[in-house]
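**Q** Once you've had a glance at the structure underneath, I'll fire off some questions.
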Amino acid sequence: MSNDDLTHENFDFRGFDVPDLKAVTLASSSDGEQSKQPKTKHEDASRNRRHGKKKSKSDARSKKRAGAGKTSESFDDYEDYEEREAVGKADKKASKDRPGLFAPMTLREVTVRNRIWLPPMCTYSSFARDGRPTPFHYQHYVSRAFGGFGMVIVESTAVAPEGRITPCDLGLWEDGQIDAWRWIVDGIREAGAVPAIQLNHAGRKASTGCFAVGYDGQSVPEEAGGWPTMAPSEIAFGGLRTPRALSVDEIHGLVGAFAAAAGRAVAAGFQAIQIHAAHGYLISQFLDPLSNERDDEYGGDLTGRSRFLVEVVDAVRGVVPEGVPVLVRISATDWAAGGWDLDQTIALSKVLKEHGVDVMDVSTGGIMSGVSIPVKPNYQVPFAEQVKSKADIPVTAVGLITKPKQAAKILARGEADAVEIGRAALRDPYWPLRAANKLGIPSTEVPYAPQYVAGAY
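Counting from 1, position 64 in the sequence shown corresponds to residue 175 in the working numbering; the numbering is continuous, with no gaps.
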């Protein structure tokens, strides 16, 4: 598999056992392509009806019941079918009241024009290694704002220089970086999208290589621009260098670093702040018992392991205006026995809601190398739905969502409040505009910039 197949947003699947994505096919293609999966019994029945081999509902029911004496399974199948039919009708009725992809969404004092968002995806393109964005970043983000995305979430941005994933990561660890962001933020807003930024500290996964530095998948040596790393405990990630354990005073300092970066983000004009607590980076390392063996107030039970994140949320919420939404990206599971899981995610989400978090951005994975992740379309959506329903908090869904109808069904089923289009958006900056056309939405109801109306679908 290529590296492109093994990366998803700002989580790197390299080093994981990932199934062949080409072998995975959606049950029904949203672009009108013919499914290559074997025909089901329902498809055969439909074909028979088209050819005049019609059976009445009573005949089918009688036949089903007549065979019930042969095996108990056959009658159970009938009962399951009846239940699925009832649920399907109820779900279809409920979906009429649920917002579509192009319905606006209001979070505090910010209204996002639609439910199609660009997730944070690392580009490792601050080539001067000073954390400042460049013309590339302007082109990258503003083009997708013109492409119709409702919220554009800028990639992992370090709250401290040693918190960068690679030497070429973006940053907001000092006031001198604020001005470099303003023109990008202004460009996103002028194109009609909401500019958001993801704040992060990579912890033990910091100082790694990338295409611009070399040492891909390895720790960058100090002589090549790398640096020592830190974490909750002295436990390395895979073959990366072993981090040193943070002191309590250093933890308190990092809480302040997140807050200060959030304040700079607001000063630069960002309208929403996302805290990165997923994918095995520092906050995720505190949450997971597989990477946190501390015996002080920042370790132990769920309350202790969650303390750092809750303090970061409180600190960020305390410095940004009341009308600015705060989002948290979480790994709902790390796909590893004894590690972070969905039950803990739901419990934590309830706490974060009480502390002023407005949206949970639900992803998975990243804390351990060598685990098996069942990557396929929609593979993370069920986790988002569970967090939404059980924690009663808005969620976004992400994970190989590439087709317009696929995305629309997620909202229609009430599985998420917004969808994030990652890899497909790298291929097509105008994905939302094309999706509207595929879904039959008139161009007059789609966020075309005036300069591009002449080229509308």
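We put the beta carbon where it would ideally sit given N, CA and C, even for glycine.
1. Roughly how many whole angstroms lie between the Cα atoms of isoleucine 386 and proline 561?
2. Smallest Cα separation from isoleucine 289: which of Arg375, Gly551 and Leu459?
3. In the DSSP assignment, find the unbroken beta strand (DSSP E) run with glutamine 517 in it and report its ends.
4. Taking its Cβ as the centre, do 16 or more other Cβ atoms sit within 10 Å of tyrosine 568, making it buried, or is it exposed?
5. Relative to the C-alpha of leucine 511, which residue among Met479, Ile521 and Gly298 is closest?
6. In terms of alpha-carbon separation, which member of Met341, Leu544 and Thr268 lies closest to alanine 373?
7. Under the three-state reduction of DSSP, which class applies to alanine 378: helix, strand or coil?
8. Is the beta carbon of histidine 390 closer than 9 Å to that of serine 87?
9. For the beta strand (DSSP E) that contains arginine 440, what are its first and last residues?
10. Report, in whole angstroms, the separation of the C-beta atoms of arginine 255 and leucine 229, which I expect to be a contact under 8 Å.
11. Report all residues from its chain with a CB closer than 6 Å to the CB of proline 343; omit the five preceding and five following residues, and keep chain order.
12. With H, G and I counted as helix, E and B as strand and the rest as coil, what does DSSP make of serine 267?
13. Between the C-alpha atoms of proline 553 and valine 265, what's the straight-line distance to the nearest angstrom?
14. Just the Cα atoms here: how many angstroms apart are leucine 495 and glutamate 526?
15. Our contact map puts phenylalanine 213 next to alanine 547 with C-beta atoms below 8 Å; I'd like the distance itself, whole angstroms only.
16. Round the Cβ separation of phenylalanine 381 and valine 296 to the nearest angstrom and send it over; I've been treating them as touching at under 8 Å.
17. Buried or exposed: threonine 222, going by 16 or more other Cβ atoms within 10 Å of its Cβ?
18. Exposed or buried, which one is glutamate 220 when buried takes at least 16 other CB atoms within 10 Å?
19. Report the start-end ranges of each beta strand (DSSP E) in the stretch 412 to 497 that is 3 residues or longer and not cut off at the edges.
20. What does the alpha-carbon distance come out to for the pair tryptophan 294 and proline 246?
21. Proline 485: buried (16+ other C-beta within 10 angstroms of its C-beta) or exposed?
22. Any contact between the stretch 442 to 458 and the stretch 235 to 244? By contact I mean 3 or more CB pairs, one from each, below 8 Å.
23. Among all the DSSP beta bridges, which residues are the ones paired with threonine 217?
24. Which of the three DSSP states, helix, strand or coil, is assigned to asparagine 548?
25. Check whether the Cβ atoms of valine 470 and aspartate 539 sit closer than 9 Å, and answer yes or no.
26. Note down the Cα distance separating tyrosine 559 from alanine 502, rounded to an integer number of angstroms.
27. Consult DSSP for proline 558 and reduce its assignment to one of helix, strand or coil.
28. Kindly indicate which three-state DSSP category tryptophan 228 falls into: helix, strand or coil?
29. Does DSSP put leucine 212 in a helix, a strand or coil?
30. Using alpha carbons as the reference points, say which of Arg545, Val530 and Lys516 lies closest to valine 263.
31. In or out: glycine 287 buried (at least 16 other Cβ within 10 Å) or exposed?
32. Closest to valine 482 by C-alpha separation, out of Leu401, Asp360 and Lys549, would be which residue?
33. Could you say which of Gly320, Pro488, Val427 and Tyr409 lies nearest to arginine 352 if we only look at CA atoms?
34. Just how far apart, CA to CA, sit alanine 371 and leucine 281?
35. Return no unless some Cβ of chain D is closer than 9 Å to the Cβ of alanine 291.
**A** Let me lay it out:
1. As a working note, residue 386 is residue 275 in the sequence shown. As a working note, residue 561 is residue 450 in the sequence shown. Cα to Cα, the separation comes out at about 34 Å.
2. In the sequence shown, the residue the question calls residue 289 occupies position 178. The shortest Cα separation from isoleucine 289 among Arg375, Gly551 and Leu459 belongs to Arg375.
3. Residue mapping note: residue 517 aligns to position 406 of the sequence shown, counting from 1. From DSSP, glutamine 517 is part of no beta strand (DSSP E) but of the alpha helix (DSSP H) over 515 to 523.
4. Within the sequence shown, the letter at position 457 stands for residue 568. Under this definition tyrosine 568 is an exposed residue.
5. Taking the first residue of the sequence shown as 1, we reach residue 511 at position 400. A check of alpha carbon separations from leucine 511 across Met479, Ile521 and Gly298 identifies Ile521 as the nearest.
6. Here residue 373 refers to the residue found at position 262 when the sequence shown is read from its first residue. Among Met341, Leu544 and Thr268, the Cα nearest to that of alanine 373 is on Thr268.
7. The residue labelled residue 378 in the question sits at position 267 within the sequence shown. In the structure shown, alanine 378 sits in a helix (DSSP, three-state: H, G or I).
8. Outside the modelled stretch of the chain, which goes from 112 to 568, sits residue 87, for which no answer is possible.
9. The residue labelled residue 440 in the question sits at position 329 within the sequence shown. In this chain, the beta strand (DSSP E) harbouring arginine 440 covers 437 to 442.
10. Looking up residue 255 in the sequence shown gives position 144. Looking up residue 229 in the sequence shown gives position 118. Sure, about 5 Å apart at Cβ, within 8 Å.
11. Along the sequence shown, one-based indexing puts residue 343 at 232. These residues qualify, in order along the chain: Gln396, Phe397, Asn403 and Arg405.
12. As a first step, residue 267 must be located in the sequence shown, where it is residue number 156. Looking at serine 267 - three-state DSSP - the assignment turns out to be strand.
13. The residue you call residue 553 lines up with position 442 of the sequence shown. The residue you call residue 265 lines up with position 154 of the sequence shown. When rounded, the distance between both Cα atoms is 29 Å.
14. The sequence position of residue 495 within the sequence shown is 384, counting from 1. The sequence position of residue 526 within the sequence shown is 415, counting from 1. Looking at the sequence itself, residue 495 is alanine, so the reference to leucine does not match. Taking the straight line joining both Cα atoms gives about 7 Å.
15. Mapped onto the sequence shown, residue 213 falls at position 102. Mapped onto the sequence shown, residue 547 falls at position 436. With a Cβ gap of about 7 Å, phenylalanine 213 and alanine 547 count as contacting.
16. The residue you call residue 381 lines up with position 270 of the sequence shown. The residue you call residue 296 lines up with position 185 of the sequence shown. About 6 Å separates the Cβ atoms of phenylalanine 381 and valine 296, confirming a contact at the 8 Å cut-off.
17. Locating residue 222 in the sequence shown gives position 111, counting from the first residue. By the Cβ neighbour-count rule, threonine 222 is exposed, with fewer than 16 other Cβ atoms within 10 Å of its own.
18. Against the sequence shown, residue 220 aligns to sequence position 109. Exposed, since its Cβ has fewer than 16 Cβ neighbours within 10 Å.
19. Listed in chain order, the complete beta strand (DSSP E) runs (minimum 3 residues) inside the stretch 412 to 497 are 437 to 442 and 470 to 474.
20. Walking along the sequence shown from the start, residue 294 turns up at place 183. Walking along the sequence shown from the start, residue 246 turns up at place 135. Cα-Cα distance, rounded: 10 Å.
21. Here residue 485 refers to the residue found at position 374 of the sequence shown. A residue is called buried once 16 or more other Cβ atoms fall within 10 Å of its Cβ, and proline 485, having fewer, is exposed.
22. Contact fails: fewer than three Cβ-Cβ distances are below 8 Å.
23. The sequence position of residue 217 within the sequence shown is 106, counting from 1. Checking the DSSP bridge columns, you'll see threonine 217 partnered with Thr222.
24. Reading the sequence shown from its first residue, position 437 is the one you call residue 548. Reduced to three states, the DSSP call for asparagine 548 is helix.
25. Residue mapping note: residue 470 aligns to position 359 of the sequence shown, counting from 1. Residue mapping note: residue 539 aligns to position 428 of the sequence shown, counting from 1. No; because the gap between Cβ atoms is not below 9 Å, this pair is not in contact.
26. The residue labelled residue 559 in the question sits at position 448 within the sequence shown. The residue labelled residue 502 in the question sits at position 391 within the sequence shown. Going from the Cα of tyrosine 559 to the Cα of alanine 502 covers about 36 Å.
27. Here residue 558 corresponds to residue number 447 of the sequence shown, with the count starting at 1. Three-state DSSP puts proline 558 in coil, outside helix and strand.
28. For the purposes of this step, residue 228 is taken as residue 117 along the sequence shown, with counting starting at 1. Three-state DSSP puts tryptophan 228 in a strand.
29. Indexing the sequence shown from 1 puts residue 212 at position 101. DSSP places leucine 212 in the coil class of the three-state scheme, outside both helix and strand.
30. The sequence position of residue 263 within the sequence shown is 152, counting from 1. Ranking the options by Cα distance to valine 263, first place goes to Val530.
31. As a working note, residue 287 is residue 176 in the sequence shown. Exposed is the call here.
32. Working through the sequence shown from its first residue, we reach residue 482 at position 371. Among Leu401, Asp360 and Lys549, the Cα nearest to that of valine 482 belongs to Leu401.
33. As a working note, residue 352 is residue 241 in the sequence shown. Comparing alpha carbon positions, the residue from Gly320, Pro488, Val427 and Tyr409 closest to arginine 352 is Gly320.
34. Residue mapping note: residue 371 aligns to position 260 of the sequence shown, counting from 1. Residue mapping note: residue 281 aligns to position 170 of the sequence shown, counting from 1. Whole-angstrom Cα-Cα distance: 15 Å.
35. Here chain D cannot be found, since the structure has a single protein chain.
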